[in-house]
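J.: Below you'll find the structure I mean.
Residue numbers (the working numbering): 38 to 507.
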């Protein structure tokens, strides 16, 4: 089989990007042949491109791509005009690579047809995030056109140090380079002595068309002299077949509303709860000494039994307030989370006042799951459902924290197949340390679990949560 290129098409020009800081990106392509005769179709649907071919004999097109049509499909030897019409828009930032195969006599000849990428850019990570102490980071940007950058309002705290093209991709013909290039954007930020701050980096084509807006944000600096805001973790063991479990769910709902921002609820579903069952439920039940459903636990210091919803809510609130007053937090957490395809990414910034050996526990949870619940009905809504741990160990990872310091912990996990809706995902992260505590809240069953929850954070996927003080 012979492979030939069509004797027509647009010459693929090398691209040169100019930047508002007067830095010019080196756009020289890697060594190798550059195609000059290939068919390029517009990114839009129903766009028409005409081309003329000279065939040595009678011909017939026997195969085309699925993103365009060709007319006519056959003809005689000599010069022939073909019309290509795109049938669907290319919405990605990379070319759609296709071919047509033409039968001329006994020969099958393949011709390459590339649909241009949509105008735009993608960035990894999607947001430039700095800790309070500042520093440097690199963004990897894929852009389908030459661009200039500019900084948004309130951006005097960071600087775009350099932008350099780092990759060019060859298309399927092995000669033509993709219109989309990859760049490294290097950014530096000064130390933040105040509260959370944010701005943007705007990428626009040289004629002013917008390609992307990249958020740039910085978590506030830590004031170790202030009292860290104390949140409490409430773990509830439940099951869809458990008729008494909705009562405790309502109790947590009441307590969380009345103590807004103080309580984070993590729900662990037991066996035979359809696809809500948590994979490591047995290990967690053994740790929390669970003997039946529902069972609640607050801050790893006390079990909560199932009374009326109002009574149980008062126990939960009492334990949260007791932790605030008697178990002040040594740590506070800030985080940024994002969803990239089927992967959840998390950047944790854990500030600690005193040096301490601790465990970090991070769970990916899902909200607004509609599924039947005994004594709750067929359309019962389940929230804060544990889907998977994001730490290497499902019962938490060991960390050594230093005094007056920030520990940066990046984590990522694939979204489990059981997840119903990625838009309803959130992250619960908390720090524990070895110890036991026996308090005085009525009807709370203080237990010797061996650990105490120091602090916890709740972060919907795709959001930032900053440090907070009392």
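C-beta: ideal position from N, C-alpha, C; glycine also.
Please report the straight-line C-alpha distance between residue 483 and residue 340, rounded to a whole angstrom.
T.: Within the chain shown, residue 483 is the residue found at index 446, counting from 1. Within the chain shown, residue 340 is the residue found at index 303, counting from 1. Distance between the alpha carbons of residue 483 and residue 340: 6 angstroms.
J.: Measure the alpha-carbon distance for residue 402 versus residue 376 and round it to whole angstroms.
T.: Stepping through the chain shown from its first residue, residue 402 is reached at position 365. Stepping through the chain shown from its first residue, residue 376 is reached at position 339. Roughly 14 angstroms between the two C-alpha positions.
J.: Check whether the segment 261-273 touches the segment 282-295, taking contact to mean three or more Cβ pairs, one atom from each stretch, closer than 8 angstroms.
T.: Yes, the segment 261-273 is in contact with the segment 282-295.
J.: From which residue to which residue does the alpha helix (DSSP H) around residue 283 run?
T.: As a position in the chain shown, residue 283 is number 246, starting the count at 1. From DSSP, the alpha helix (DSSP H) with residue 283 extends over 282-295.
J.: Taking only the alpha-carbon atoms, compute the straight-line gap between residue 100 and residue 123 and give it to the nearest angstrom.
T.: Start at 1 with the first residue of the chain shown, and residue 100 comes out as number 63. Start at 1 with the first residue of the chain shown, and residue 123 comes out as number 86. Using only the alpha carbons, I get a separation of about 15 angstroms.
J.: Would you say residue 153 and residue 80 are within 9 angstroms of each other, going by their C-beta atoms?
T.: The residue you call residue 153 lines up with position 116 of the chain shown. The residue you call residue 80 lines up with position 43 of the chain shown. Cβ atoms of residue 153 and residue 80: closer than 9 angstroms.
J.: Skipping 5 residues on each side, what residues in its chain have a beta carbon closer than 6 angstroms to that of residue 319?
T.: Here residue 319 refers to the residue found at position 282 of the chain shown. Here the set comprises nothing.
J.: Residue range of the alpha helix (DSSP H) that residue 324 falls in?
T.: Taking the chain shown and counting its residues from 1, one reaches residue 324 at position 287. That run of the alpha helix (DSSP H) goes 318-325.
J.: Please report how far the alpha carbon of residue 281 lies from the alpha carbon of residue 331, in whole angstroms.
T.: Mapped onto the chain shown, residue 281 falls at position 244. Mapped onto the chain shown, residue 331 falls at position 294. Residue 281 and residue 331: Cα-Cα distance of roughly 7 angstroms.
J.: If we count the other Cβ atoms within 10 Å of its Cβ and call it buried at 16 or more, is residue 317 buried or exposed?
T.: On the chain shown, position 280 is the one that residue 317 refers to. Classification of residue 317: exposed, given that the 10 Å Cβ count is below 16.
J.: Rounded to a whole number of angstroms, what is the C-alpha to C-alpha distance between residue 142 and residue 157?
T.: For the purposes of this step, residue 142 is identified with residue 105 of the chain shown, where counting begins at 1. For the purposes of this step, residue 157 is identified with residue 120 of the chain shown, where counting begins at 1. The alpha-carbon atoms of residue 142 and residue 157 are separated by roughly 43 angstroms.
J.: From residue 150 to residue 205, what distance separates their C-alpha atoms?
T.: Numbered from 1 along the chain shown, position 113 holds the residue referred to as residue 150. Numbered from 1 along the chain shown, position 168 holds the residue referred to as residue 205. Their backbone Cα atoms lie some 19 angstroms apart in a straight line.
J.: Under three-state DSSP, which class holds residue 269?
T.: The residue you call residue 269 lines up with position 232 of the chain shown. Residue state, collapsed to three classes: strand.
J.: Report yes if the C-beta distance between residue 119 and residue 107 is below 9 angstroms; otherwise report no.
T.: As a working note, residue 119 is residue 82 in the chain shown. As a working note, residue 107 is residue 70 in the chain shown. Yes; because the gap between Cβ atoms is below 9 angstroms, this pair is in contact.
J.: Taking the beta carbon of residue 466 as the centre, do at least 16 other beta carbons fall within 10 Å, making it buried, or is it exposed?
T.: Mapped onto the chain shown, residue 466 falls at position 429. The residue is buried, with at least 16 neighbouring Cβ atoms inside 10 Å.
J.: If you draw a straight line from the alpha carbon of residue 492 to that of residue 486, how long is it in whole angstroms?
T.: By one-based count along the chain shown, residue 492 stands at place 455. By one-based count along the chain shown, residue 486 stands at place 449. Looking at the two C-alpha atoms, the distance is approximately 16 angstroms.
J.: I'd like to know whether the C-beta atoms of residue 333 and residue 343 end up nearer to each other than 9 angstroms.
T.: Within the chain shown, residue 333 is the residue found at index 296, counting from 1. Within the chain shown, residue 343 is the residue found at index 306, counting from 1. Yes.
J.: Bridge partners of residue 372, per DSSP?
T.: For the purposes of this step, residue 372 is taken as residue 335 along the chain shown, with counting starting at 1. Answer by DSSP bridge pairing, in chain order: 385, 502.
J.: Going by the CB atoms, is the gap between residue 188 and residue 242 shorter than 9 angstroms?
T.: Within the chain shown, residue 242 is the residue found at index 205, counting from 1. Within the chain shown, residue 188 is the residue found at index 151, counting from 1. Going by C-beta atoms, residue 242 is not nearer than 9 angstroms to residue 188.
J.: Among residues of its own chain, excluding the 5 on either side of residue 428, which ones have a beta-carbon nearer than 6 angstroms to its beta-carbon?
T.: As a working note, residue 428 is residue 391 in the chain shown. Excluding positions up to five away in sequence, the list reads 399, 434.
J.: Whose C-alpha, out of 78, 470, 475, is nearest the C-alpha of residue 490?
T.: Along the chain shown, read from residue 1 onward, the residue named residue 490 stands at position 453. That would be 470, whose Cα lies nearest to the Cα of residue 490.
J.: Leaving out the 5 sequence neighbours to the left and right, which residues in its chain are closer than 7 angstroms to residue 230 when beta-carbon positions are compared?
T.: Here residue 230 refers to the residue found at position 193 when the chain shown is read from its first residue. Excluding residues within five positions, the ones whose Cβ falls inside 7 angstroms are 258.
J.: Let me know the secondary structure DSSP gives residue 359 once reduced to three states.
T.: By one-based count along the chain shown, residue 359 stands at place 322. Looking at residue 359 - three-state DSSP - the assignment turns out to be helix.
J.: According to the neighbour-count rule (16 or more other Cβ atoms, all chains shown, within 10 Å of its Cβ), is residue 113 buried or exposed?
T.: Against the chain shown, residue 113 aligns to sequence position 76. When all chains shown are included, residue 113 counts as exposed.
J.: From residue 505 to residue 373, what distance separates their C-alpha atoms?
T.: For this step, residue 505 is matched to residue 468 along the chain shown. For this step, residue 373 is matched to residue 336 along the chain shown. Going by the C-alpha atoms only, they are around 15 angstroms apart.
J.: Can you name, in chain order, every residue of its own chain whose Cβ lies under 8 angstroms from the Cβ of residue 190, other than the five neighbours on each side?
T.: Indexing the chain shown from 1 puts residue 190 at position 153. Here the set comprises 236.
J.: For residue 413, which option in 279, 439, 177 has the closest C-alpha, if you only look at C-alpha atoms?
T.: For the purposes of this step, residue 413 is taken as residue 376 along the chain shown, with counting starting at 1. Cα-wise, what sits closest to residue 413 is 279.
J.: Does the beta-carbon distance from residue 438 to residue 369 come in below 9 angstroms?
T.: Taking the chain shown and counting its residues from 1, one reaches residue 438 at position 401. Taking the chain shown and counting its residues from 1, one reaches residue 369 at position 332. Not a contact, by the Cβ cut-off of 9 angstroms.
J.: Go through its chain and collect everything with a Cβ distance to residue 478's Cβ below 8 angstroms, but skip five positions before and after it.
T.: Within the chain shown, the letter at position 441 stands for residue 478. Closer than 8 angstroms at Cβ, skipping near neighbours: 339, 352, 355, 356, 359.
J.: Note down the Cα distance separating residue 102 from residue 218, rounded to an integer number of angstroms.
T.: Against the chain shown, residue 102 aligns to sequence position 65. Against the chain shown, residue 218 aligns to sequence position 181. Looking at the two C-alpha atoms, the distance is approximately 24 angstroms.
J.: For residue 251, which residues from the same chain have a beta carbon less than 6 angstroms from its beta carbon, with the 5 sequence-adjacent residues on both sides left out?
T.: On the chain shown, position 214 is the one that residue 251 refers to. Counting only Cβ-Cβ distances below 6 angstroms, and skipping sequence neighbours, we find 160, 238.
J.: For residue 241, write down the residues that DSSP places opposite it in a beta bridge.
T.: Here residue 241 corresponds to residue number 204 of the chain shown, with the count starting at 1. Answer by DSSP bridge pairing, in chain order: 185, 247.
J.: Could you check if residue 494 is buried or exposed, using at least 16 other CB atoms within 10 Å of its CB as the buried criterion?
T.: The residue you call residue 494 lines up with position 457 of the chain shown. Buried.
J.: Excluding five sequence neighbours on each side, which residues of the same chain lie with their C-beta closer than 8 angstroms to the C-beta of residue 503?
T.: Mapped onto the chain shown, residue 503 falls at position 466. Excluding positions up to five away in sequence, the list reads 232, 233, 256, 257, 371.
J.: Indicate the three-state DSSP secondary structure (helix, strand or coil) for residue 313 in the structure shown.
T.: Stepping through the chain shown from its first residue, residue 313 is reached at position 276. Helix.
J.: Considering just the uninterrupted stretch of the beta strand (DSSP E) at residue 445, what are its terminal residues?
T.: On the chain shown, residue 445 is found 408 positions in, with the first residue counted as 1. Element bounds for residue 445: 442-451.
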